[in-house]
Every structure is written in structure tokens, then in C-alpha cells.
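A.B. asks:
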Amino acid sequence: MLRLAQYLSNFHKGESALIFNSGYDANVGFFSTIPQRGDTILYDELCHASIRDGIRLSLAKGHSFTHNDLSALRSRLELANGIIFVAVESVYSMDGDIVPLEKVLRLCKEFQAQLVVDEAHSTGIYGNKGEGLAVSLNFQDKIFARLHTFGKAMGVHGAVWISSSISRDYLINYIKNLLLLL
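Counting in the numbering used here, the sequence shown runs from 6 upward without gaps.
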């Protein structure tokens, strides 16, 4: 399993990878574990239910912003406390529209927020080999964590978080009640 995680990390041009049994468990595990009490999670209102479920289980405060609305995101960022996490999807499943990733990254940099991108619907579609939207735009190093699922374009079960080694190790040690595939 470690060889597969290393392969996925290399494929998606990341530092480290942690494999989960499903995208749902990966999102719930990440958002309920990484953000802490006093932190803020801002999420696009059209994000997956699994992201919202993870936020609900988190000790951090969660607030939605209007879909792909940068002024609404800015307003939320101006009021946020603690470490700020911004959650978006690269491609939104209901409408198929794409996040304005470069502009969201600019806002995150301005407010020192950590960007988290769910790439479930861009995996296998964007990038030279299907590495996802972030890699196709060469933004992978500017994003705190990226989720890739295997159930859409790849047609199999599972998911992987691409993040720093520190985030990976933190998840391994503190995630609750979820199946990790080490």
C-alpha cells in the first residue's frame, strides 16, 4: 500500500498521499480532523455533502459562500478567525462548472488562508495524464491539500488525499472511526 501511495503522490505531483476507502470517508476524516477549535472553514455552497458532513463534525466554525462568488468569499475571509481553510471543488458535479482557481488562490494568499480542493470530478479529465485541474494549471504547490477519488473517471473504489507529510501523519494519528488504507 505504501508503494501505491508513493505512486499516487508522484502522479498528482504532491509531497505525500494517504489512501482512503472512499471519497466520503476521506472528506469527513479530513475536515473533522485537520481544522481545530478557533479555526474557520469557508466552503462553496455547492461542495459535496461529505465536505459539509466533515465540517459539521469539526471543532472549527464553518460558513458557506455563494457558489464561485469571489466577492462573497472575500466577505467571509474578512470575518474569519484562526487558521482559515477554504474548500472548493475543481469541477462541480451538478452543473459541471469549474472553480476560478487562480482567483481563489489569490484571495487565499491575500488572507493567508489554506486552500483545499476536492478534485473528484477533474481526476482523469484534466492534466496531461488526468492528474487533475490543479496540476493542469501548475498550481499544485500552492494548495494545502487535494482530494482525488477513484470512483468517477477511474471506475474503482477509494480516494487519496495529496498533501504535506505533516498533514498525512496528523491524519493517521488523529482521525477517528474511519478506515485508512496505509
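We put the CB at the ideal spot given by N, CA and C, even for glycine. From a predicted model like this one, the values you see are computed outputs, not experimental measurements.
1) Could you tell me if A54 is buried or exposed, where buried requires 16 or more neighbouring beta carbons within 10 angstroms of its beta carbon?
2) Tell me whether F70 sits in a helix, a strand or coil according to DSSP, three-state version.
3) Taking the beta carbon of S98 as the centre, do at least 16 other beta carbons fall within 10 Å, making it buried, or is it exposed?
4) Once the 5 residues before and after S37 are set aside, which same chain residues still bring their CB inside 6 Å of it?
5) By how many angstroms is the C-alpha of L47 removed from the C-alpha of F70?
6) Between the Cα of S27 and the Cα atoms of Y175, G163, I130, S169, which residue gives the shortest distance?
7) Can you have a look at I177 and say buried or exposed, based on whether 16 or more other CB atoms are within 10 angstroms of its CB?
8) Would you kindly report the start and end of the unbroken alpha helix (DSSP H) that includes Q119?
9) Quick one: what does DSSP say D102 is sitting in, helix, strand or coil?
10) On a Cα-Cα basis, can you pick out the residue from L152, G34, P40, L84 that is closest to S95?
11) Report the start-end ranges of each alpha helix (DSSP H) in the region 36 to 97 that is 4 residues or longer and not cut off at the edges.
12) Of the choices G34, L75, C52, L13, whose alpha-carbon is the least far from that of K181?
13) Which class does F149 belong to by DSSP, given the choice of helix, strand or coil?
14) Check each candidate in D102, L138, L51 and name the one with the smallest Cα separation from I148.
15) Closest to H72 by CA distance: which of I88, L82, I103 is it?
16) Can the beta-carbon of H68 be found closer than 9 Å to that of R81?
17) Under 6 Å Cβ to Cβ from L13, same chain only, skipping five residues before and after it: list those, please.
18) Buried or exposed for G132, please, with buried defined as at least 16 other CB atoms from any protein chain shown within 10 angstroms of its CB.
C.D. replies: Reading from the atomic positions:
1) exposed
2) strand
3) exposed
4) G59, L62, S63
5) 7 Å
6) G163
7) exposed
8) That residue, Q119, is in no alpha helix (DSSP H); its beta strand (DSSP E) goes 119 to 123.
9) coil
10) L152
11) 54 to 62, 75 to 84
12) G34
13) coil
14) L138
15) I103
16) yes
17) A22, V165
18) buried
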